[in-house]
Ligand SMILES: [Zn+2]
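In this note's numbering, the protein residues as written are 108 to 393.
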């Protein structure tokens, strides 16, 4: 039996999670490491540009310009999926206005200033920004947007340019869950899977759907660095070799690591457990 089997099922209600500072050794952390691979073109923009050029976000990291997908963006899609899965349809919790009461807020945290509560809740699931393995390439695509007028009066075509992230681009994905229980891990793995299919792009035509391959799930605070990973890959190290090396002598406070096929099994088992659990949770809160 792995450490997953000894995780407590819950809690998933407020007031049941110990508050205050986290003792990493006592209350625990789970570190997940995976690779997200882009399956279709994507435009990851953090703000709308001016004019007719839409350009995906980039960042200079580990020695070069790379594609950049903000954790905040991924978090938003994941939250939306979870709200849908866990909360009853009449729930007053939304991505823009978290209720600070439900199981989703309990996991992902939130800030509620509008409801007269002025409350902030610590996010126990922490995602790191996704920065690509492949270097950023400025490749302008010329497109034309057609609107209704084109069909009726033959005018109104809007030419514009896009710089997108090409399919196949890979991103190391580092996630930590603090004070974890089985529900947190299962809910996260489920939501990540659905969110991947929905995509993280800004526009429906550039959906940016991805797939995640989990490389390992560690019981403890694994010190994984995207910087180190990307730098090693630039030197010719293969991702799986890097992972193997990390697992053989993990840095950080790590008790156990699940990897490879076992990771896939854990993901599968926990997702079906979550699907079953979330149906019951929704029913009980109606
Ligand atoms: Zn909520």
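The beta carbon of each residue, even a glycine, is placed where N, CA and C say it ideally should be.
Which residues DSSP lists as bridging residue i, in chain order
{"i": "residue 378", "result": "In the DSSP output, where bridge partners are listed per residue, residue 378 has none listed."}
{"i": "residue 328", "result": "360"}
{"i": "residue 245", "result": "DSSP output for residue 245 lists no bridge partner at all."}
{"i": "residue 160", "result": "268"}
{"i": "residue 174", "result": "165"}
{"i": "residue 145", "result": "317"}
{"i": "residue 226", "result": "219"}
{"i": "residue 234", "result": "282"}
{"i": "residue 366", "result": "323"}
{"i": "residue 151", "result": "Answer is none; residue 151 lacks a bridge partner."}
Chain B contact for residue i (CB, 8 angstroms cutoff)
{"i": "residue 282", "result": "Reference to chain B is not applicable here, since this structure consists of a single protein chain."}
Cβ neighbours of residue i in the same chain (closer than 8 angstroms, five flanking residues each side left out)
{"i": "residue 293", "result": "377, 378, 380, 381, 384"}
{"i": "residue 68", "result": "This structure cannot settle anything about residue 68, because the visible part of the chain is limited to 108 through 393."}
{"i": "residue 350", "result": "140, 322, 323, 366"}
{"i": "residue 370", "result": "321, 322, 323, 324"}
Proximal residues to residue i (C-beta, below 7 angstroms), its chain only, five neighbours per side dropped
{"i": "residue 299", "result": "185, 319"}
{"i": "residue 146", "result": "274, 316, 317, 318"}
{"i": "residue 271", "result": "148, 149, 150, 163, 248, 313"}
{"i": "residue 165", "result": "172, 173, 174, 175, 243"}
{"i": "residue 269", "result": "150, 161, 248, 250"}
Sequence-distant residues of the same chain with beta carbon closer than 6 angstroms to residue i, five excluded per side
{"i": "residue 210", "result": "119, 193"}
{"i": "residue 277", "result": "142, 144, 240"}
{"i": "residue 358", "result": "330"}
{"i": "residue 216", "result": "228, 229, 230"}
Residue closest to residue i, alpha-carbon to alpha-carbon, out of the options
{"i": "residue 247", "options": "161, 326, 339", "result": "161"}
{"i": "residue 309", "options": "117, 317, 180, 146", "result": "180"}
{"i": "residue 183", "options": "214, 166, 163", "result": "214"}
{"i": "residue 321", "options": "139, 115, 117", "result": "139"}
{"i": "residue 275", "options": "353, 149, 141", "result": "149"}
{"i": "residue 142", "options": "241, 286, 284, 196", "result": "241"}
{"i": "residue 168", "options": "200, 249, 236", "result": "236"}
{"i": "residue 355", "options": "375, 325, 112, 373", "result": "325"}
{"i": "residue 177", "options": "281, 196, 197", "result": "281"}
{"i": "residue 296", "options": "189, 112, 117", "result": "189"}
{"i": "residue 401", "options": "267, 387, 347", "result": "Since the first and last residues shown for the chain are 108 and 393, residue 401 lies out of range."}
When a residue counts only if its C-beta is closer than 6 angstroms to some heavy atom of ligand 1, which residues count, in chain order? 200, 205, 206, 208, 209, 211, 212
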